[in-house]
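**Q**
There are 2 protein chains.
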Amino acid sequence: MSSGVNYTRSEVRQMAGYVPGQQPSPGSRIIKLNTNESPLPPSPKVAVAITDVMRNDSIMRRYPDPQSMELRRIAARISGCQSSQVIAGNGSDELLRVVLDTFVEKDETVAFFSPSYSLYPVLTRIRGGRIKSLPLFQEGSIYQPDTDGIKLFFLTSPNAPLGFSFSNDYIRELAQRLNGILVVDEAYADFAGDNALALVHEFDNLIILRTLSKSYGLASLRVGLGFAVSALIEQLDKVRDSYNLDRLAQIGAQAALADQDYLQKTVSLVIKERQHLSAALQDLGFKVEPSQANFVFVTPPQGCLAVDLQAALEKSGFLVRYFSNPDLAHGLRITVGLRSEMDQLIDAIKNIG
Amino acid sequence: MSSGVNYTRSEVRQMAGYVPGQQPSPGSRIIKLNTNESPLPPSPKVAVAITDVMRNDSIMRRYPDPQSMELRRIAARISGCQSSQVIAGNGSDELLRVVLDTFVEKDETVAFFSPSYSLYPVLTRIRGGRIKSLPLFQEGSIYQPDTDGIKLFFLTSPNAPLGFSFSNDYIRELAQRLNGILVVDEAYADFAGDNALALVHEFDNLIILRTLSKSYGLASLRVGLGFAVSALIEQLDKVRDSYNLDRLAQIGAQAALADQDYLQKTVSLVIKERQHLSAALQDLGFKVEPSQANFVFVTPPQGCLAVDLQAALEKSGFLVRYFSNPDLAHGLRITVGLRSEMDQLIDAIKNIG
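Chains as they are written, first to last, in our numbering: chain A, -8 to 344; chain B, -8 to 344.
1. The ligand COA and residue 234(A): does the residue's C-beta get closer than 7 angstroms to at least one heavy atom of that ligand?
2. Answer yes or no: do residue 172(B) and residue 90(B) have a C-beta to C-beta separation smaller than 8 angstroms?
3. In the region 67 to 101 of chain A, which residues sit with their C-beta less than 7 angstroms from some C-beta in chain B, listed in chain order?
4. Apply the 10 Å Cβ neighbour rule to residue 39(A) and answer buried if 16 or more other Cβ atoms are within range, or exposed otherwise.
5. Residues in the same chain with beta-carbon distance under 7 angstroms from residue 316(A), minus the five sequence neighbours each way, listed in chain order, please.
6. Looking at residue 86(B): is its Cβ nearer than 8 angstroms to the Cβ of residue 200(B)?
7. List the residues of chain B that residue 26(A) touches, going by C-beta distances under 9 angstroms, in chain order.
8. With 8 angstroms as the limit, tell me which residues of the region 165 to 199 of chain B have their beta carbon closer than that to any beta carbon of chain A; keep them in chain order.
9. Consider the Cβ of residue 16(B): report whether some Cβ of chain A lies at a distance smaller than 8 angstroms.
10. For residue 327(B), return the contacting residues in chain A, with the cut-off set at a CB-CB distance below 8 angstroms.
11. Are the C-beta of residue 38(A) and some C-beta of chain B separated by less than 8 angstroms?
12. Could you pull the start and end residues of the beta strand (DSSP E) that residue 79(A) belongs to?
13. Taking the straight line between their C-alpha atoms, what separation do you get for residue 92(B) and residue 82(B)?
14. Determine which residues of the region 231 to 264 of chain B have a Cβ less than 9 angstroms from any Cβ of chain A, and write them out in chain order.
15. Can you list, in chain order, the residues of its chain whose CB lies under 6 angstroms from that of residue 28(B), leaving out five sequence neighbours each side?
16. Alpha carbon to alpha carbon, what distance is there between residue 142(A) and residue 285(B)?
17. What number of angstroms, rounded off, separates the C-alpha of residue 322(B) from the C-alpha of residue 330(B)?
18. Buried or exposed: where does residue -8(B) fall if 16 or more other Cβ atoms within 10 Å of its Cβ makes it buried?
19. Three or more C-beta pairs closer than 8 angstroms, one from the region 291 to 299 of chain A and one from the region 272 to 281 of chain A: is that the case here?
20. With a threshold of 16 other CB atoms inside 10 Å of the CB of residue 128(A), please say whether the residue is buried or exposed.
21. Straight-line CA distance for residue 217(B) to residue 186(B)?
22. Any beta-carbon of chain B closer than 8 angstroms to the one on residue -8(A)?
23. Report all residues from its chain with a CB closer than 6 angstroms to the CB of residue 221(B); omit the five preceding and five following residues, and keep chain order.
24. Going by CA-CA distance only, name the one from 159(B), 214(B) and 204(B) that's closest to residue 190(B).
25. Assuming the contact rule is C-beta atoms closer than 8 angstroms, residue 397(A) and residue 258(A) should be a hit. Round their C-beta distance to whole Å, please.
26. Does residue 319(B) get closer than 8 angstroms to chain A when you measure Cβ to Cβ?
27. Quick one: complete alpha helix (DSSP H) runs, 4+ long, within the region 142 to 203 of chain B?
28. Mind listing, in chain order, the continuous beta strand (DSSP E) runs of no fewer than 3 residues lying wholly within the region 63 to 145 of chain A?
29. Roughly how many whole angstroms lie between the Cα atoms of residue 108(B) and residue 234(A)?
30. Beta-carbon separation of residue 254(B) and residue 207(B) under 8 angstroms?
31. Between the alpha carbons of residue 97(A) and residue 4(B), how many angstroms are there, rounded?
32. Starting from the Cα of residue 148(A), find the closest Cα among 183(A), 138(A) and 228(A) and give me that residue.
33. Check whether the Cβ of residue 50(A) lies closer than 8 angstroms to any Cβ atom in chain E.
34. By a C-beta neighbour count over all protein chains shown, 10 Å radius and 16 as the cutoff for buried, is residue 177(A) buried or exposed?
35. List, in order along the chain, the chain B residues whose C-beta lies closer than 7 angstroms to that of residue 0(A)?
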């Protein structure tokens, strides 16, 4: 009998297995500033809504709404569009995969800037697409890439890990020039001064992705949202897993989206602490990239290597993110946390220096 | 500017959109026997575990375990295998898709008996595979199909909607003859006298799928499990969405799986009511297929058309399942419910007759 594993598609067999991000063990006293989670818990209305379901748990034996209609309605209402222009996913990660499965045929080209989200090449490989990885800067500047032959373009805005936003003029020009689908992955847009959501009313080849994992403090719940013209949403809807969001994820996300005051409170706090952290690090001689997100990318002063600082901070009880990629190895990405966490971090950096 | 929807892959554009199953409106007094949900709520330990998380909801801002390790460990323990032989999915629907993406290249052949689960052809089409739909019986009998050129075979056992199980001897022979991957979809196996789980230790091209949607009363939670040799699980793990199960789904599923006494209580009740319903319908002249599942497929007595009976029952407040497929249009599939529900159903049928 032949070995069953040999039936694996060659693209999949050649891929490395997924390596999960560093997570502190439960109960450890580490301050976790490496995965851009919210410093605040989600809106208390989430816990109220989910606890309510658990009080009448017989409903759990029933299938949830496969279409997440109520969630789409609320998302549409707060975003100024129709619910037919919204899709809900099991995290925006599912929506990235669904976009690939909907539009990209084997050997078609998928483009993105490097550095950006490391899941894009993984999902493209699984789909069997060709990867076109573009340098983020040409001669030190953002530029409009050559879009010839590109079927799908993933643009992360605000960019991770650098934190800057692409302007709506830039996005308009790219959408216009692209003979394919443009996905603007706006995971961090709630922390930015502007966003591209309104452009879905201008372009029928544009998909905007959002997530509840960052600004809503719900990374545990795995809920992402996609916005586009109804005709595109209709195609994406055929491809997503048919019951892709469980009842508690739907109920929790509805409660979180409905509480926009709480979102604003979180966003204001993060922006304030981002300014505080940036100023404090600049005082210590760090170069700080201006950020529109809930993290800052910083380069330590001359004589201090980022990789060494990351290791020293870990010993002192702080997780921050170091990328070995040559374009990023000079710096560190630090998630914005509470004032007390930021002050402890600054003290630790002073002690290391 | 060209219309963005034209970038859709032809397989997807030609597909019909997903049509969700019939769901009674909230608060309606209908007795729902059409989608094989459990007549009992889930184990009360599920609500306790999820409510506990909500009491300390700050954890919700953190990413969940991307590997669902604790859930895999519990599933492995109660199934007599290693946790490296288990994968957890966002419903077994996600695992069906993951299996296709892992093993099936464009234009390779995916086979299944018809009738079986209507999602198989949909997912195969999205993947770009060729569909080989095989008649369930040849000259009235189950048979071993010609496996030439088949890369992936989906076998539903117990079969839906007829309710019979394929024997382990049958499954062994099919796994041996198949030059590809055999998936045995055991959504209803907890209600059956036997199952094929132990065969994953014999065959390295066999994947067994289970779900918590039926016997565990957790259709709302979207948790499925896959069992196979570790080498296959490793490949599937690369392809699933990387954070595919949210924290509450993991915690709830762990609590449900750990409460095997409660599972046995549910299963015993369903088997007892399956016998009661079968006998009562036979007394009324129905032909009842012997069932190993939580439903029965029944053919009304001569002179009563299944399609008419379904409509009359709906008017009387009962949802049962009618299939227009010519092989099934003579009968109805009825989910086994509580004794009171079954007695009301029998009374309604008597009144209609």
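Ideal Cβ placement from N, Cα and C applies to all residues, glycine included.
**A** To lay it out plainly:
1. Judged by which ligands are present, the structure shown has none, so any question about the ligand COA falls away.
2. Taking a C-beta distance under 8 angstroms as the contact criterion, residue 172(B) and residue 90(B) qualify as a contact pair.
3. Answer set for the region 67 to 101 of chain A: 81, 82, 84, 85, 88, 92, 93, 94, 96 and 97.
4. Its Cβ having fewer than 16 others within 10 Å, residue 39(A) is exposed.
5. Hits under 7 angstroms: 106.
6. Against a cut-off of 8 angstroms, the Cβ pair of residue 200(B) and residue 86(B) comes out as a contact.
7. Ordered by position in chain B, the residues that pass the 9 angstroms Cβ test against residue 26(A) are 53 and 54.
8. Within the region 165 to 199 of chain B, the residues whose Cβ lies closer than 8 angstroms to some Cβ of chain A are 167, 170, 171, 172, 194, 195, 196 and 197, listed in chain order.
9. Output row for residue 16(B): interface = no.
10. Near residue 327(B) there are no residues of chain A at all, since even the closest Cβ is about 13 angstroms away, more than 8 angstroms.
11. True, the Cβ-Cβ gap to chain B drops below 8 angstroms.
12. Note, residue 79(A): beta strand (DSSP E), 77 to 81.
13. Taking the straight line joining both Cα atoms gives about 16 angstroms.
14. Along the region 231 to 264 of chain B, the positions whose C-beta sits under 9 angstroms from a C-beta of chain A are 231, 232, 233, 234, 235, 236, 237, 238, 239, 240 and 243, read in chain order.
15. Only 210 meet the Cβ criterion.
16. For residue 285(B) and residue 142(A), the gap between their C-alpha atoms comes out near 46 angstroms.
17. Distance between the alpha carbons of residue 322(B) and residue 330(B) is about 22 angstroms.
18. Note on residue -8(B): pLDDT 47, under 50, position unreliable in the model; no value is reported.
19. Touching, yes, given that three or more Cβ pairs across the two stretches are closer than 8 angstroms.
20. Classification of residue 128(A): exposed, given that the 10 Å Cβ count is below 16.
21. If you take the alpha carbons of residue 217(B) and residue 186(B), they lie about 14 angstroms apart.
22. Any reading at residue -8(A) must be qualified, since the residue scores a pLDDT of 47, below 50, and its modelled position is unreliable; the value itself is stated next. At a cut-off of 8 angstroms between beta carbons, residue -8(A) contacts chain B.
23. The answer, listed in chain order, is 75 and 76.
24. With respect to the C-alpha of residue 190(B), the residue from 159(B), 214(B) and 204(B) having the closest C-alpha is 159(B).
25. A query on residue 397(A) cannot be resolved here, the shown segment of chain A reaching from -8 to 344 and no further.
26. No - not a single Cβ of chain A is within 8 angstroms of the one on residue 319(B).
27. Qualifying alpha helix (DSSP H) stretches, in chain order: 159 to 168.
28. Listed in chain order, they are 77 to 81, 100 to 105 and 121 to 126.
29. The C-alpha of residue 234(A) is placed about 15 angstroms away from the C-alpha of residue 108(B).
30. Between residue 254(B) and residue 207(B), the gap from beta carbon to beta carbon is short of 8 angstroms.
31. Each residue's Cα considered, the two are about 16 angstroms apart.
32. Out of 183(A), 138(A) and 228(A), 183(A) has the C-alpha closest to the C-alpha of residue 148(A).
33. No chain E is part of this structure, whose protein chains are labelled A and B.
34. Result: buried.
35. Counting only Cβ-Cβ distances below 7 angstroms, residue 0(A) has contacts in chain B at 93, 94 and 96, in chain order.
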